[in-house]
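Only one structure is covered here, and it is reproduced in the block below.
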Amino acid sequence: MPPGGRAWTPCGRGAHAGMSRDAGLDPLARKAGHHGAAGRGSLGASLLDFACPAAVAAALLCFTPWDTALAFRPDEGYELMKAFLVSRGHNLYGAFWNDQPPLHTELLAALFRWFGPSAGLGRLLSIGFTILLVTALYQVTRLTSNWLGGLLAVILLASGTGTPILAVSVLLELPAFAVGMAAVWCWIKGRRSGHRIWFVVGGLLFGAALQIKLTSALLALALVADWLAWVWWDRRCDRRDASPLPPRREKANDISRTPSAAGGAFILASALVFTLVSLRWYQTGTWTAFWHSHFSNGTYSVAAKDLRFDPNSFKDDLALVTVGLAGGVLLLSCKGPPGVMPAALLVGLLLVHAVHRPFWDYYRLHFWIALAWLGGAGLAEEWRALGWRPDLGRSRSKRAGLLWAVCAVGTASLVVFVPPKLGTEWSRLGKASSASDDTGLQWLHQAGGRTRWMFTSDLIRAFWAGIPVPPELAIIPAKRRWSGQITPEEVHTALNKYQPELIIIPDSWLETFRLEDLLQNEYRSVSVPGFGRVYQRVMPSARSPRE
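Structure representation (structure tokens):
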């Protein structure tokens with residue numbers, strides 16, 4: 077640890093309450109002899125650092141149909157089709173409507189150019205991000221408590237509703253939070269070691285996370301809380317210790333010595349990555365599409381009716397919620413602030429999602445990360461405290477009795493209810509239908525040789541068949557319609573430009589985009605198993621743009 081650093085008081089009821097300037101900068105630092113896991117750790121713990129993510133990777137690769145399933149989630153089609161079109165030379169913004177940052181799409185498009193487009197390749201990329209998320213969550217929880225806490229956090233996260241499916245789905249939410257949690261890990265490493273490079277690397281990762289999906293900004297709640305706690309502790313040390321701080325003043329250029337310098341380095345690195353990505357890919361109107369899609373009156377008014385955050389949606393995850401809240405109580409009861417970051421994240425998520433609309437079901441991942449962090453670290457800390465101080469379990473004080481009861485409830489929920497929930501969630505992965513058995517996709521493969529373009533809401537089948545969708549019409553989610561960012565005139569203009577040979581859309585779109593006359597004059601309707609109604613062009617395509 078660098079000389080002159082300020083240490084937080086150690087966690088645990090049996091720890092000393094004094095402050096030390098010799099224990100380093102880390103807010104999670106423990107005194108030697110009390111928390112050995114926070115130091116170098118044993119060989120077994122070091123092996124577990126690699127074994128935990130390796131086990132998750134093996135489970136996802138060997139026991140899930142990541143390469144054969146048609147779709148794990150319907151919205152996979154958006155990300156796969158975007159990357160498919162970009163890999164064929166189309167710009168992600170401009171005429172191509174897109175309301176998400178570009179980094180994940182551009183990375184996936186590069187992989188498609190190198191290896192060829194396939195859903196399996198996209199899911200391999202998602203599994204890679206899942207391994208990063210598991211590693212980062214394990215490490216930040218281990219640094220908060222010990223290796224057991226990290227392992228429990230990973231198990232709790234995997235038991236959350238929808239988490240295993242998100243782990244293999246080609247979506248943006250999990251990759252963004254994986255990179256964001258890696259940034260949090262670097263921040264904590266910087267606080268522990270005092271090396272400036274960790275704050276810079278953390279900032280670079282956080283900027284990259286924002287350019288995958290902007291919801292990763294929610295992780296700033298944990299970072300800001302830790303920074304404020306650092307500032308408070310720094311000033312408290314100055315008030316209690318009248319002696320000068322020669323080491324800090326002699327190395328004023330060491331950004332790790334002050335909260336303002338460390339935070340500034342993190343923010344500047346984040347801003348650098350965010351700016352460079354924006355300059356490279358954003359075009360005129362990109363920020364307007366972002367804003368209207370997420371914050372327009374139309375989006376909010378519709379989403380406020382049916383897509384608001386409802387705590388009742390957690391009823392299937394009471395075990396995870398119970399363990400997480402119990403862990404939070406136990407962690408925050410320690411003499412020190414190791415629970416500040418996950419607790420601030422959880423409270424902030426509740427406040428933000430209570431106000432913001434819409435709330436999509438995969439946003440529950442945000443809560444599962446915070447609860448898994450709290451639950452794993454809190455229970456591990458309490459078990460370890462009882463190991464140091466067996467008399468705590470026999471204490472007659474009200475506080476000790478309450479903490480013992482909370483620990484018992486959390487432990488019981490972990491042991492009794494979490495394993496069955498974990499099995500249920502993983503079994504859902506095996507229920508995904510195979511692409512080779514899909515009758516609609518089989519028909520598309522036969523029609524693919526005669527089809528240069530198709531207009532469809534079923535993007536996942538279009539991608540599997542290798543048929544591109546006009547860029548202007550490729551991404552038509554509910555948010556685009558709610559916010560008024562697509563009109564019937566725009567749809568007609570794009571259809572006249574590309575003259576797609578196939579149109580497969582829901583009946584509601586016929587009226588919304590006023591397509592009845594066009595389809596009646598230029599297309600014929602046929603019934604196809606797996607699709608229902610399909611419109612095939614009967615007039616020759618005089619000017620259908622090629623790639």
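Going by my numbering, the sequence shown opens with residue 77, and the numbers climb by one from there. Cβ coordinates follow ideal geometry from the N, Cα and C atoms, glycine included.
Item	Value
Close-in-space but distant-in-sequence residues of the same chain around L233 (CB under 7 angstroms, 5 per side omitted)	L213, T239, W444, I445, A448
Complete runs of the alpha helix (DSSP H) confined to the stretch 411–435 [at least 4 residues]	416–431
DSSP three-state assignment for G403, whether helix, strand or coil	helix
Range covered by the beta strand (DSSP E) that runs through G608	608–613
Nearest-angstrom Cα separation, counted from N167 out to W519	30 angstroms
Candidates V244, L208, T237: closest to V260 by CA position	L208
Unbroken stretches of the alpha helix (DSSP H), 4 residues or longer, contained in the stretch 507–564	515–523, 535–541, 547–550, 554–558
C-alpha gap between S512 and T144, whole angstroms	8 angstroms
Heavy atom of the ligand SAM within 7 angstroms of L156 beta-carbon	In the structure shown, the ligand SAM is absent, as is every other ligand, since no ligand is present at all.
Cα-Cα separation between P564 and W502, rounded to whole angstroms	42 angstroms
Option in W308, A296, A456, T527 with minimal Cα separation from S221	A456
Reduced DSSP secondary structure (H/G/I, E/B, other) of V604	strand
For A145, three-class secondary structure by DSSP	strand
Buried versus exposed, by CB contacts within 10 Å (16 or more), L179	buried
DSSP-derived helix/strand/coil call for I445	helix
L383 - containing beta strand (DSSP E), residue span	It is not in any beta strand (DSSP E) - L383 carries neither H nor E in the DSSP assignment.
Buried or exposed by the 16-neighbour rule on C-beta atoms within 10 Å, applied to T181	buried
CB-CB length for L571 against L535, believed under 8 angstroms	With a Cβ gap of about 17 angstroms, L571 and L535 do not count as contacting.
For L578, the first and last residue of its enclosing beta strand (DSSP E)	578–580
T206 versus L479, L242, K474, residue with shortest Cα-Cα distance	L242
For P546 and F531, believed in contact at Cβ under 8 angstroms, the rounded distance	7 angstroms
Residue environment, G560, which counts as buried when at least 16 other CB atoms sit within 10 Å	exposed
Per-residue DSSP class, three states only, for Y645	For the chain, the structure presents residues 77 to 623; residue 645 sits outside this window and is missing.
Cα-Cα separation, A318 to R311	Summary for A318: the model assigns pLDDT 47, below 50, so the residue's position carries little reliability; its value from the coordinates is reported in the next sentence. The alpha-carbon atoms of A318 and R311 are separated by roughly 12 angstroms.
Sufficient close CB pairs (3 or more, under 8 angstroms) joining the stretch 366–385 to the stretch 404–420	no
CB contact flag (S292, V244, <8 angstroms)	no
Per DSSP, cross-strand counterpart(s) of Y599	R613
Collapsed DSSP secondary structure at T237 in the structure displayed	coil
Rounded C-alpha distance that separates A347 from R268	24 angstroms
Where F205 falls: helix, strand or coil (DSSP)	helix
Distance, V162 Cα to T217 Cα	38 angstroms
Whether A541 touches G524 by CB criterion (8 angstroms)	yes
Residue nearest to F435 in terms of C-alpha spacing, selected from F385, A420, L407, L421	F385
Residue of W142, D175, V246 minimising C-alpha distance to A185	V246
Helix, strand or coil at W173 [DSSP, three-state]	coil
Identity of the residue in P496, V482, D175 nearest Q359 by Cα	D175
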